[in-house]
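For reference, the structure is listed below as structure tokens.
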Amino acid sequence: MVEELVTAGAALASAGAVYLMAAARVVKQYERGVVFRLGRLRPQERGPGFTLIVPFVDRLHKVNLQIVTLPVPAQEGITRDNVTVRVDAVVYFKVVDAADALVEVEDYRFAVSQMAQTSLRSIIGKSDLDDLLSNREKLNQGLELMIDSPAVGWGVHVDRVEIKDVSLPETMKRSMARQAEADRERRARIINADAELQASKKLAEAAQQMEDTPSALQLRLLQTVVAVAAEKNSTLVLPFPVELLRFLERAQQPVPTAAPETPRAARPARPTVEAVEAMEAVQAVTEAVREAVPETVREQLRAVPPRVEPDSEESNSSHD
Numbered sequence: 001m002v003e004e005l006v007t008a009g010a011a012l013a014s015a016g017a018v019y020l021m022a023a024a025r026v027v028k029q030y031e032r033g034v035v036f037r038l039g040r041l042r043p044q045e046r047g048p049g050f051t052l053i054v055p056f057v058d059r060l061h062k063v064n065l066q067i068v069t070l071p072v073p074a075q076e077g078i079t080r081d082n083v084t085v086r087v088d089a090v091v092y093f094k095v096v097d098a099a100d101a102l103v104e105v106e107d108y109r110f111a112v113s114q115m116a117q118t119s120l121r122s123i124i125g126k127s128d129l130d131d132l133l134s135n136r137e138k139l140n141q142g143l144e145l146m147i148d149s150p151a152v153g154w155g156v157h158v159d160r161v162e163i164k165d166v167s168l169p170e171t172m173k174r175s176m177a178r179q180a181e182a183d184r185e186r187r188a189r190i191i192n193a194d195a196e197l198q199a200s201k202k203l204a205e206a207a208q209q210m211e212d213t214p215s216a217l218q219l220r221l222l223q224t225v226v227a228v229a230a231e232k233n234s235t236l237v238l239p240f241p242v243e244l245l246r247f248l249e250r251a252q253q254p255v256p257t258a259a260p261e262t263p264r265a266a267r268p269a270r271p272t273v274e275a276v277e278a279m280e281a282v283q284a285v286t287e288a289v290r291e292a293v294p295e296t297v298r299e300q301l302r303a304v305p306p307r308v309e310p311d312s313e314e315s316n317s318s319h320d
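So that you can map any letter, position 246 of the sequence shown is 246 in the numbering used here, and since no number is skipped, the others follow by simple counting.
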């Protein structure tokens, strides 16, 4: 009798252990358990930890509640301004209702992926190229709204959508590069012209100041000479046309008082007012050059013999 009781107790213990092993389930912290009893959804979800189900009657499905990172394959489309582009994106979503994620849709991951691809192509067709390149934040918000609207009924919440890359044709890249280069060149020219304008204004002010004080021009010339001499140069060359100096020297020579009487037909006409003014200007320039050119340079110029040109009338008479 005792042996039968012991055998029955062992059998019950074994059956209980088998039942417990078949009914025991462990749900992780980031999961939720959805139970179907004979195909019918149980209203209460199983939280994280140890839980029991009825073996061979209940089916426990675990749903992950972590945020899922879903890459959207690159979609090719034509923008509103007729530019062909390829755009890829990434979607961040998570399950907020485990029961709806299992009951309302067959595969919520695949459904969200297809909805993201369709919405991305729609966004490409509604946007301009400039918006895709520079106004991505607004496009991300619109894309998130388009994906999240149908996903709410599936127990899925779209947390964030980001456009990763926009691929352009090579011809469009070259055109954009030329446009950017032209724009930078335009800005460089504007800046250069503005600098020239400011420099001209400052030079005009300096010229007015030097006009009031002529000695300032000589001081400025000396400063320029010092700046040039600081470059380890032993010789300072000031370019000045020698012919002009000779012309000024001849212009300063006194005109003889007695001149041979010339025939009336060949007598030159009286100088006009313009000629007198020109001679006065030449004399003024001569005086300025005399003051600017050192005495040593003028002595060297006087030592150079002037070039004698043959007289045309004498040559003609010799030929005759």
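Ideal placement from N, C-alpha and C gives every residue a C-beta, glycine not left out.
Q: Just the C-alpha distance for V85 and A116, rounded to the nearest angstrom, thanks.
A: Within the sequence shown, the letter at position 85 stands for residue 85. Within the sequence shown, the letter at position 116 stands for residue 116. If you take the alpha carbons of V85 and A116, they lie about 17 Å apart.
Q | Cα-Cα separation between R178 and T171, rounded to whole angstroms | A | Within the sequence shown, residue 178 is the residue found at index 178, counting from 1. Within the sequence shown, residue 171 is the residue found at index 171, counting from 1. Distance between the alpha carbons of R178 and T171 is about 11 Å.
Q. So what's L60 in DSSP terms, helix, strand or just coil?
A. Mapped onto the sequence shown, residue 60 falls at position 60. Strand at L60.
Q | Inter-stretch contact at 8 Å, needing at least 3 Cβ pairs: the stretch 126-134 / the stretch 104-113 | A | no
Q. Is Q75 helix, strand or coil by DSSP?
A. For the purposes of this step, residue 75 is taken as residue 75 along the sequence shown, with counting starting at 1. Q75: strand per DSSP, three-state reduction.
Q.
Quick check on A265: does DSSP put it in helix, strand or coil?
A. Residue 265 sits at position 265 when you count from the first residue of the sequence shown. Residue placement at A265 cannot be trusted, given a pLDDT of 46 that sits under 50; what the coordinates show is reported in the next sentence. In the structure shown, A265 sits in coil (DSSP, three-state: anything other than H, G, I, E or B).
Q | Nearest residue (CA-CA) to V63, options R80, I53, A74 and G33 | A | Stepping through the sequence shown from its first residue, residue 63 is reached at position 63. That would be G33, whose Cα lies nearest to the Cα of V63.
Q | DSSP three-state assignment for S149, whether helix, strand or coil | A | As a position in the sequence shown, residue 149 is number 149, starting the count at 1. DSSP places S149 in helix when its eight states are reduced to three.
Q.
Please state the DSSP three-state secondary structure of K28.
A. Start at 1 with the first residue of the sequence shown, and residue 28 comes out as number 28. Correct three-state label for K28: coil.
**Q.** Three-state class that DSSP yields for R187 in the structure shown
**A.** Position 187 of the sequence shown, counted from the start, is the residue given in the question as residue 187. Residue state, collapsed to three classes: helix.
Q.
Could you compute how far the alpha carbon of A89 sits from the alpha carbon of A99?
A. Reading the sequence shown from its first residue, position 89 is the one you call residue 89. Reading the sequence shown from its first residue, position 99 is the one you call residue 99. In a straight line, the C-alpha of A89 is about 28 Å away from that of A99.
Q. According to DSSP, is D107 helix, strand or coil?
A. Here residue 107 corresponds to residue number 107 of the sequence shown, with the count starting at 1. Residue state, collapsed to three classes: coil.
(Q) For V26, tell me which candidate among D148, A204, E104 and P48 has the shortest Cα-Cα distance. (A) Within the sequence shown, numbered from 1, the residue matching residue 26 stands at position 26. The shortest C-alpha separation from V26 is found at P48.
Q. For V112 versus L70, is the C-beta distance shorter than 9 Å?
A. Counting from one through the sequence shown, the residue named residue 112 turns up at place 112. Counting from one through the sequence shown, the residue named residue 70 turns up at place 70. Closer than 9 Å, so yes.
Q.
Taking the beta carbon of S14 as the centre, do at least 16 other beta carbons fall within 10 Å, making it buried, or is it exposed?
A. Against the sequence shown, residue 14 aligns to sequence position 14. Exposed, because fewer than 16 other Cβ atoms sit within 10 Å of the Cβ of S14.
**Q.** Cβ distance (whole Å) where L60 is taken to contact Y30 below 8 Å
**A.** Reading the sequence shown from its first residue, position 60 is the one you call residue 60. Reading the sequence shown from its first residue, position 30 is the one you call residue 30. Going by Cβ atoms, the distance from L60 to Y30 rounds to 16 Å, so no, they are not a contact pair.
Q: Closer than 8 Å by C-beta to F56: which residues in its own chain qualify, once you throw out the five before and the five after it? Chain order, please.
A: Numbered from 1 along the sequence shown, position 56 holds the residue referred to as residue 56. Counting only Cβ-Cβ distances below 8 Å, and skipping sequence neighbours, we find A22.
Q) Can you give the Cα-Cα distance for L41 and D58, rounded to whole angstroms? A) One-based indexing of the sequence shown puts residue 41 at position 41. One-based indexing of the sequence shown puts residue 58 at position 58. If I take the Cα positions, the gap works out to 10 Å.
Q | Buried versus exposed, by CB contacts within 10 Å (16 or more), E4 | A | On the sequence shown, residue 4 is found 4 positions in, with the first residue counted as 1. When all chains shown are included, E4 counts as exposed.
Q. Looking only at its own chain, which residues have a Cβ that is under 8 Å from the Cβ of K28, when we skip the five neighbours before and after it?
A. On the sequence shown, position 28 is the one that residue 28 refers to. Hits under 8 Å: P48 and K62.
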